[in-house]
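Asks: Protein chains in written order, with numbering that gives the first Met the number 0: chain A, 0 to 216; chain B, 0 to 454; chain C, 0 to 984.
Ideal Cβ positions, reconstructed from N, Cα and C, are used throughout, including at glycine.
Here the structure is a predicted model, which is why all the values come from computation and not from measurement.
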Amino acid sequence: MKSRIITILLAIGLSVSCLLLAGRMSQLHLPGNQQGYEPVQPIAYSHRLHAGEMQIPCLYCHFAAQTSRHAGVPPASICMNCHRQVTSSLGGMHAEDELAAKEKRKPRQIVSAELEKLYDALALDGNLQPDPRKTPQPIVWNRVHALPSFVYFDHRAHVRVNVACQQCHGPVETMERVRQVSDLSMGWCVNCHRQANQTGIAGARVHASTNCSTCHY
Amino acid sequence: MADIALSPPLVVGHKSLAEVTHDVCRPMERRPGGIWWAAFAVTFSMLLLGVAAITYEIATGIGTWGLNTTVGWAFDITNFVFWIGIGHAGTLISAILFLLRQRWRTGVNRAAEAMTLFAVMCAGIFPLIHMGRPWFGYWIFPYPNFRGSLWINYRSPLAWDAFAISTYFIISATFWYVGLIPDLATIRDRSQPGLRRTIFSIASLGWDGAFKTWNRYEMVYLLLAGLATPLVVSVHTIVSWDFATAVIPGWHATIFPPYFVAGAIFSGMAMVLTLMIIARKAMGLEAYINLRHLDVMSKLVITTGSIVGFSYLTEFFTAQYSGNQYEQFVFLNRALGPFFWAYWTMVSCNVLIPQLLWIRKIRTSWAAVFVISLLVNVGMWFERFVIIVTSLHRDYLPSSWTSYRPTSIEIATLIGTFGLFFTLFLVFCRVLPVIAMAEIKGVLKHGLHRLEAHR
Amino acid sequence: MSDKYWRSLEDWRNVSETGDAEFSETPIDIEAGPDRRGFLKAAGFSFGAAMLAGCGRTVQKIEPNLQQPEGFIPGRPVYYASTCGGCSAGCGTLVKVRDGRPIKLEGNPSHQVSGGGLCAVGQASILGLYDSRRIAHPMVDGKAASWAQADAFVQDRLEQARRAGGAVRLLTGTVHSPTESAWIGHFLGSFRNARHIEYDALSASAILDAHERTHGARILPRYRFDKAGVIVGIDADFLGTWISPVEFAREYAAARDPLGSQYAWHTQVESRMSLTGTKADHRVVLGPADLAGFVSDLHDAVIKGGSNRPEVLQIAQRLRDARGRGLVVCGLQDVAAQALVNGINEALGNYGATIETDRASRQRRGDDRALENLLAELRGGAVDVLIVAGANPAFDLPGGEAVAKAKLLIVHAQRMDETAAKAQAVCAAPDVLESWGDVEPVEGTACIVQPCLQPLFQTRPLVETLAAWSGKPGVALDLIRDQWRQEIFPKAKSNLAFEEFWERSLQDGFAQYTPAARARTAARRESEPEPLQKMDPQDGFHLALYAKPALLEGRHAYNPWLQEVPDPVTKIAWDNYACLAPGAAAKLGVATGDVLGIQCGGQDIELPALVQPGQHENTVAVALGYGSQLSGRFAKVGPQWLEGRPTLNERGLVGVNAAPLLGFDRGSLQYFRSGVKLSKTGTTMALACTQEHQTVSVPERLKPAGAKIRPIIQETTLVQIRESGDRRAKESPRPELWPPDHPYPVHHWAMVVDLNACNGCSACIVACQAENNIPVVGKDEMRRKREMHWMRIDRYYSGALDSPRVAHQPMFCQQCDHAPCETVCPVLATVHSDEGLNQQIYNRCVGTRYCANNCPYKVRRFNWFNYVREDRMANLALNPDVTVRSRGVMEKCTFCVQRIQEAKIESKRLGRPVRDGEIQTACQQTCPAKAIVFGDLDDPHSEVSRLMASGRRYRVLEEINVRPGVGYLKIVRPDAPAGEEKENG
């Protein structure tokens, strides 16, 4: 009798812990798999705003993706193409204009906190002129999509055959902060290559090599 | 009645069942003597030396071995094949001889099977540590993965090895353990309540010695024997393919499978002899391991030894007959090249010296057989060394010919495996019955003795 | 990692290193190295644990530029045309700059002198730039100083000398930079008693002196081997080290194209087996004492048509038959002999044809007489100020330590060598890759040296220094541009404006002009020619001091790549040794490795012996350039472990310096010494030789009955080629039961190596090392036959011991179709690609070494240890496109797959197919002789397809049916074949 109770208790305990473990398992990652990695960046740059709302094409900033193996993080000078004029959110500017109109004065330039960091990095003063007292400091971003260094991925080949950026990087245009969507595992790459050879990309036939030396050398 | 007249008894000196049990269990129930401790001290320090060597090698790199660009395997794989070979006698005796109703086996099978396990353990070390990155050793097993399902290379003999050896170990272990069960029960019953008794009662899986139990037990044992039999042939066949499938002259030979299997049994038998001759003296088992065993096993040694010798000749013939100059050169180089000493050690120890066993006087002299068995083991180690190193060190392009000399680390590793082997065996002698009591009782013919008594 | 590019050294330091240390483009950094490697081992063992624990993320940083430089795209290499500073030959280079740092040097194909090739030294010189042990700043009295302080100190002392009219001497190597010579003129002009002395440690002074005598101008003519039909080389190793090897190797190969209009016949007259000698169709082995005699005999035979030596007559006959197409070159440091050689060439009308005096060479300008005088002055303490620039006299000259006797010694050097160590003031010189400069190796071809990154240290080019000291400080770029504007631009008669002309020259790397023609004074026959130098032939051994192609006179002794290149002839690295003829060795009872004592003119050195076939009986040959203080840095090179042995000798150096044995005789530096005594010391020494067995044939004792010579090296004759029209019988495809297991739908990469063109110079080995991040393993590992070079050059002797024929065979992964390595790897770490490549995936390899055992060519290389890359600055030379392999991993040649991938993707981007010749492997690109051709067999018009169809093509070990993807072209022997080749060819 006693032993039977014990058995039952053990059985229950086991099943419960299995369930718990199963729950835990779903978040577990193999070493090196950084899926879902979403580091805080030095400047709270929003892809949603730029790529989403403003509809700036990816290749405008990540121009290197067409011509180099690395898409690259744009140099600050690229940001300045727009942010020489745009120094704050549209809402903020309107507010200031109205306020100025009310106070009968010409609107002051407001600079949003995040852009301040950009201007600091470039050693610019309040009205975006080079400030001799500051020294330029490179902006140190946190790399999100990092492959092991024995893997050689080349953006050129993929951009050329019109693989959508989102296919690997996910809906970046909806992200405030960039997150690694795919697990970037070898299986994930290879499956896509196999599929591409079957179905082609965007209607066009492609040759997506599955040789090892396509990525490893 | 007939067999009384024909064959001498397998156990000499009219032992009663009780005496048998007593004789076999005595060593386990006594405290170990000075000799045992001395032996253990020696073997265990050898083991530690090996552990140190392997640790250093894994921490530093394969470069700590004497290998080079041309000779990529030497001591490591030599030891591997050597130990796997040693293992074979156990399975042969326990499985094949069992099926062939060779009743004399009962005296030696337990020890031989134990030896098999320990040998396979020693062998198993090398496939792992010879890897440049042993921590990725598990890659040679197929398992689901995130690499677009990158499996192993089923064409590679090394992959076959992984399966062959693991299977071999599992089956022999099971076989050995099943054989142990009745004896474990006997020990359980002899021992006072306490830890020892608990352990053995768990280990003996509630053996009750009932007729039904015996019946099922024999059935299982028979089936396992059937399962194990093909392994005797398969394992070393697969090991031989490590070489036979290569393009290197001296390796690329169709004779390898039978040649290796015979060699394995040859060396295994020799090792059994070595061990049993020591054991019977050290543990006072003269009655159970006697001249009859010596005689039979010596005959097995001659047979397999001659097969091996014949294979050596065949290799030369094939090389000559093939008209392939690379092939021909390798064998000339073996016999007359820089490693000629290794070759001739091999030939004399494996082919010439065993021929002495044709002489009955020698065959039945414990000392002589002991010496010969030792020499055979040496010879068989050198056979593997010769096959591996002399074939590799001078192959196709003379520009890449090199030589090979082992480093202290390699030698220490070899010593270490012997340390492991003998340490385990010593422990085994202490904690488990060296002779299968249950089985040997079956060949006592004590019924016969009683009959004599009535006269 | 390669997302992180840096602009200056400081910036580079900031770039944090991340990524797993198992494989990383940027290697394990040592600060964190051990722990990280330790962690990885642990991680390996406790894999399961790590899995449950979830993995700690490695945070990587990216630092983009603030302002992107024009035309700069991260991850995209840019090539700059420049000029090599490895020696004074002045070969054109293309510097590959990736993310702001030079990572590889390639030959400049359009360059007038080198024509696309680059030698081992040039390839390795990239390490010179990233040498962290360079002199980082000026020094005064051994203490660090600023340039201002150094200048102040020096100018003050110079001022004194100027006023006192003290003796100021400037000692340099060959100065072939127009701007430098100009400024040296300015600078020295301001002193009353100043002189500029140029010298070459490997001197050709006698040739210049002889031309002064016979042609009225002290010039070194430019030899045109490509125009020659008969080449007579007398002790001139022109393929190895003599004047301009890359240039000569290219021309030599061109002159010996078996399908060309004429096939140059080459005879080499020498005392030791030189690299050039290995290629000769005919060798005359003479003792140093008889070489000059041979010249005069040949002179008589050519002029008078008489000689008592039949072989001399024969050679003379061949020369006379090839009037105006012959070329006699002589390396003897004997003005009289050289004058005779000029006489011969003049008589045969070779001047103006195969020898150019109008476009004379400026690659060797040294004047030994002036040098000898200077040394005398120095010993006499008559020199007040001695400035040494770009030279190391204290090391490479006999009695060179006399430089310390100058009242003030100023040294302009890159490294703290023997001379700089003695100097009161040391000016830190920049590397050629970080400074502006110009070079005129051949009159009429002015080359530009342009910097490819900001100077890593506080260095200053010589011209700037001289300008500063002349009181007209300026920036090198401006000084050079001014010089070009005034001197070169007018001569070039270009119809461009100077700016465009400059830009064009900058882009090409050089500019050309027609120099003023020299009044060709025909060779004056001297009334009574000066007697030839006499060497007493009886007196013991003769010593022949020579240079190895990689190490030259020793200026590159700091360079691990060059130290590790096996000598092309002896196959020994990391040492110099005393080469002895087999006969002589037998007489002395010494074998290779026995240490010999060598006494010569009061000097006494000890070196291990080496038995060298093809060497003259009583000649002992010793290489210069060893035992340099610069080699002291290799104490920790290679793995350090229980049984590991040091790379350095007991003196803490690599090899022994033989320069003290040099001597002067009648105004020229002598490389031959007589009256040499050899003695056995009884000790032995292990030499790091990469090839134990020297011939294709197996030892007689082990030779199977009736076995032929292994057909590894195959030879043919001109006659056979002409007969066959160099076509090969169409091979019928072998009958196959199964469909081909490797169809090659898109590309089928393959390679052909012309064994007749290859001269074994080993440039390819270093190029491969630079391209593929191949580690340096040190002497002990080399000795254990564990060299890591993916490419080796097998050298086989055949024929008689005293006059062997030599074959060089580059050997690397043959990319077999039926690759034995592929079937045996348990984890699929080496598999076949559908482009014919035998791929090696390092990160999958577990290191069973079965593939290497099963490779018939033994071309796979195993990482026996973690070859730690201590020097983080040297690591900047690593190629970011190739994985750095960790220990326990197999590696091998993959036809530079990273280059193939780059070209394929780039052509895909441009929407066009890959062009033939667009992909060049590193070895092919650098080969001076153009012996290697790589391409696509699927393209029937590709060069490689054409060569595969050649009648000379064969495959090594074809008979074992592994289907190698590399073809070799047979060696051409002009003379009738002996039985041997009949079997082979």
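#1: Please give me, in chain order, every unbroken run of the alpha helix (DSSP H) with length at least 4 that falls completely inside the stretch 872 to 904 of chain C.
#2: Under a three-way DSSP split, which group does ASN837/C fall into?
#3: Within 10 Å of its beta-carbon, does PHE316/B have 16 or more other beta-carbons around it, so buried, or fewer, so exposed?
#4: Helix, strand or coil for ASN617/C, going by three-state DSSP, please let me know.
#5: For the stretch 158 to 167 of chain B and the stretch 142 to 150 of chain B, state whether three or more C-beta atom pairs, one from each stretch, are separated by less than 8 Å.
#6: How about LEU450/B: is its C-beta nearer than 7 Å to some C-beta of chain A?
#7: Are the C-beta of ARG154/B and some C-beta of chain A separated by less than 7 Å?
#8: Rounded to a whole number of angstroms, what is the C-alpha to C-alpha distance between ARG30/B and VAL107/B?
#9: By a C-beta neighbour count over all protein chains shown, 10 Å radius and 16 as the cutoff for buried, is PRO809/C buried or exposed?
#10: So which residues on chain A does GLY415/B lean against when the C-beta distance must stay under 8 Å?
#11: Out of GLN453/C, ALA928/C and ARG945/C, state which residue places its alpha-carbon closest to the alpha-carbon of GLU246/C.
#12: Rounded to the nearest angstrom, what separates VAL39/A and ASN141/A at their Cα positions?
#13: Beta-carbon separation of LEU461/C and ALA388/C under 7 Å?
#14: Does the Cβ of GLU179/C have 16 or more other Cβ atoms within 10 Å, making it buried, or fewer, making it exposed?
#15: Could you check which residue in SER696/C, ILE571/C, GLU890/C and ARG358/C has the C-alpha nearest to that of TYR512/C?
#16: Starting from VAL189/A, find everything on chain B with Cβ-Cβ shorter than 7 Å and list it in chain order.
#17: Less than 7 Å separating the beta-carbons of ASN862/C and ARG898/C?
#18: With a Cβ-Cβ cutoff of 7 Å, do LEU339/C and HIS298/C count as a contact?
#19: What three-state label does DSSP hand THR715/C in the structure shown?
#20: Determine contact between the stretch 197 to 206 of chain C and the stretch 360 to 371 of chain C, defined as no fewer than three beta-carbon pairs at a distance below 8 Å.
#21: May I have the straight-line CA-CA distance separating GLU942/C from THR209/A, to the nearest angstrom?
#22: Alpha carbon to alpha carbon, what distance is there between LEU677/C and ARG168/C?
#23: For VAL327/C, I'd like the list of residues in its chain whose CB is within less than 6 Å of its CB, leaving aside the five on either flank, ordered along the chain.
#24: CB-CB under 6 Å to PHE97/B, same chain, minus the five flanking residues each way: which ones, in chain order?
#25: Nearest to ALA263/B by alpha carbon, out of LEU293/B, LEU284/B, PHE338/B and VAL232/B?
#26: With distances taken between CB atoms, is the gap from TYR79/C to GLN506/C smaller than 7 Å?
#27: By the 7 Å beta-carbon criterion, what residues does the stretch 813 to 838 of chain C contribute toward chain B?
#28: Anything in chain B within Cβ reach of GLN690/C, meaning under 9 Å, just list it in chain order.
#29: DSSP has THR20/B in a bridge; who is on the other side?
#30: Can you list, in chain order, the residues of its chain with a C-beta nearer than 6 Å to that of ASN196/A? Leave out the 5 residues immediately preceding and following it.
#31: Going by DSSP in three states, ASP34/C sits in which element: helix, strand or coil?
#32: With DSSP run on the structure shown, which of helix, strand or coil describes LEU754/C?
#33: Three-state secondary structure (DSSP) at PHE424/B?
#34: Determine the chain C residues that contact ILE61/B at a beta-carbon separation under 9 Å, and present them in chain order.
#35: Roughly how many angstroms lie between the CA atoms of THR25/C and PHE149/A, to the nearest whole one?
#36: Tell me, to the nearest whole angstrom, how far the beta carbon of THR416/B is from that of PHE43/B; I am working on the premise that it is less than 8 Å.
Replies: On the basis of the supplied data:
#1: Segments of the alpha helix (DSSP H) lying fully in the stretch 872 to 904 of chain C: there are none.
#2: Under the three-state reduction of DSSP, ASN837/C is assigned to strand.
#3: Taking every protein chain shown into account, the CB of PHE316/B has fewer than 16 other CB atoms within 10 angstroms, so this residue is exposed.
#4: In the structure shown, the three-state DSSP call for ASN617/C is coil.
#5: Touching, no, given that fewer than three Cβ pairs across the two stretches are closer than 8 Å.
#6: Confidence at LEU450/B is low in this model, with a pLDDT of 49, below 50, so the placement of that residue should be treated as unreliable; the coordinate-derived value is given next. No, LEU450/B does not count as interfacial toward chain A.
#7: Interface flag for ARG154/B against chain A is unset, since no Cβ pair is found closer than 7 Å.
#8: Straight-line Cα distance between these residues: approximately 24 Å.
#9: The residue is buried, with at least 16 neighbouring Cβ atoms inside 10 Å.
#10: In chain order: nothing, as chain A lies at least about 32 Å away.
#11: GLU246/C has its Cα closest to that of ALA928/C, out of GLN453/C, ALA928/C and ARG945/C.
#12: When rounded, the separation of the alpha-carbon atoms in VAL39/A and ASN141/A is 8 Å.
#13: Here LEU461/C is near ALA388/C, since their CB atoms are less than 7 Å apart.
#14: Around the Cβ of GLU179/C, a 10 Å sphere holds 16 or more other Cβ atoms; the residue is buried.
#15: Checking every option, the nearest Cα to that of TYR512/C belongs to ARG358/C.
#16: The contacting residues are GLY147.
#17: Contact: no.
#18: It is a contact, given that the beta carbons lie within the stated cut-off.
#19: Of the three classes helix, strand and coil, the one that applies to THR715/C here is strand, per DSSP.
#20: Contact between the stretch 197 to 206 of chain C and the stretch 360 to 371 of chain C is present, because at least three Cβ pairs lie under 8 Å.
#21: Rounded to the nearest angstrom, the two C-alpha atoms are 28 Å apart.
#22: Taking the straight line from one Cα to the other gives about 39 Å.
#23: The residues are VAL231, VAL340, ILE343 and ASN344.
#24: Setting aside the 5 residues that flank it on each side, PHE97/B is surrounded in the same chain by ALA224, each with a C-beta closer than 6 Å to its C-beta; the list follows chain order.
#25: For the residues LEU293/B, LEU284/B, PHE338/B and VAL232/B, the minimum Cα distance to ALA263/B belongs to VAL232/B.
#26: The answer is no: Cβ separation not under 7 Å.
#27: Answer set for the stretch 813 to 838 of chain C: PRO819, THR822, VAL823, CYS824, PRO825, VAL826 and LEU827.
#28: Result: PRO397, SER398, SER399 and TRP400.
#29: Paired residues: none, contrary to the question.
#30: Around ASN196/A: ALA207.
#31: With a pLDDT of 39 at ASP34/C, under the threshold of 50, the modelled position of this residue cannot be trusted; read the value that follows with caution. Correct three-state label for ASP34/C: helix.
#32: Coil.
#33: Residue state, collapsed to three classes: helix.
#34: Against ILE61/B, the close residues of chain C are GLY846, ARG848, PHE861, ASN862, TRP863, PHE864, ARG886 and GLY887, in the order they occur along the chain (beta-carbon pairs closer than 9 Å).
#35: Confidence at THR25/C is low in this model, with a pLDDT of 40, below 50, so the placement of that residue should be treated as unreliable; the coordinate-derived value is given next. C-alpha of THR25/C to C-alpha of PHE149/A: approximately 11 Å in a straight line.
#36: With 8 Å as the limit, THR416/B and PHE43/B do not qualify as a contact, their Cβ atoms being about 13 Å apart.
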